[in-house]
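In the order they appear, the protein sequences are chains W and C.
Residue numbering for the first sequence follows the UniProt record's numbering, beginning at 1 and increasing consecutively.
Residue numbering for the second sequence follows the UniProt record's numbering, beginning at 1 and increasing consecutively.
Backbone N, C-alpha and C define an ideal beta-carbon position, used for all residues, glycine too.
2 protein chains.
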Amino acid sequence: MNNRLKVLRAERSWSQADLAERLEVSRQSVNAIETGRYDPSLPLAFRIADVFDMAIEEIFLRD
Amino acid sequence: MNNRLKVLRAERSWSQADLAERLEVSRQSVNAIETGRYDPSLPLAFRIADVFDMAIEEIFLRD
DNA sequence: ACATTATGTCTATGACGCTTGACATGAGGG
DNA sequence: CCCTCATGTCAAGCGTCATAGACATAATGT
Numbered sequence: 001m002n003n004r005l006k007v008l009r010a011e012r013s014w015s016q017a018d019l020a021e022r023l024e025v026s027r028q029s030v031n032a033i034e035t036g037r038y039d040p041s042l043p044l045a046f047r048i049a050d051v052f053d054m055a056i057e058e059i060f061l062r063d
Numbered sequence: 001m002n003n004r005l006k007v008l009r010a011e012r013s014w015s016q017a018d019l020a021e022r023l024e025v026s027r028q029s030v031n032a033i034e035t036g037r038y039d040p041s042l043p044l045a046f047r048i049a050d051v052f053d054m055a056i057e058e059i060f061l062r063d
């Protein structure tokens, strides 16, 4: 499960900590998701989609 | 995180076991998700969307 | 009435998601 | 040269996702 988090974040000039705060998760979680160590839960995927105002399918890609 | 699995499945006259087989998960997982005991992982949510040929956002609803 | 299928639920086990706290490295600004 | 910020990563702990196997009950078919 690949994702475009790093790019989307960079486009907005947000640090991982900035994004973590908006998502109400830890900075380590954002980092782990970006670096592909694990996928977010479905509820967190929805919050990510909300923050970027995009569909989940536009952010997370089937491998 | 509410979902429309039970309805979508009924529309197709699939049993929980039928759906489980298509998703390659256990029947207990399908049941647990339908009865709201837990949310699927993001990869499983994608497979569910694929099986029903719908967007994740059309199947799973922000509470 | 009997057999089969469908659904809900329980237990126990293992893997994954997320946390806090910590530490290392690299980049940039004073 | 320091100081700060950004990123990556580790460990330990807790709750969630998913499994297999079992059992109870309801619904369907013959």
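Beta-carbon spacing of residue i, residue j below 7 Å
i, j, result
"W/R9", "W/L19", "yes"
"C/L42", "W/D63", "no"
Residues near residue i in its chain [Cβ-Cβ closer than 6 Å; skip 5 each side]
i, result
"C/F52", "L8"
"W/A34", "Note on identity: in this sequence residue 34 of chain W is Glu, with Ala being the wrong assignment. For W/E34, where only same-chain residues beyond five positions count, the Cβ hits under 6 Å are L5, K6."
"W/N31", "Q16"
"W/Q28", "none"
"W/L44", "none"
Own chain residues within Cβ distance below 7 Å of residue i, not counting five before or after
i, result
"C/A49", "A55, I56, I59"
"C/S26", "A20"
"C/W14", "none"
"W/E11", "none"
Contacting residues, own chain, Cβ-Cβ under 8 Å from residue i (five flanking each side not counted)
i, result
"C/F46", "I56"
"C/L61", "M1, N2, N3, R4"
Q. What are the start and end residues of each continuous alpha helix (DSSP H) run of 4 or more residues lying completely inside the UniProt domain "HTH cro/C1-type" (5–59) of chain C, in chain order?
A. 5–11, 16–23, 27–34, 42–52, 56–59
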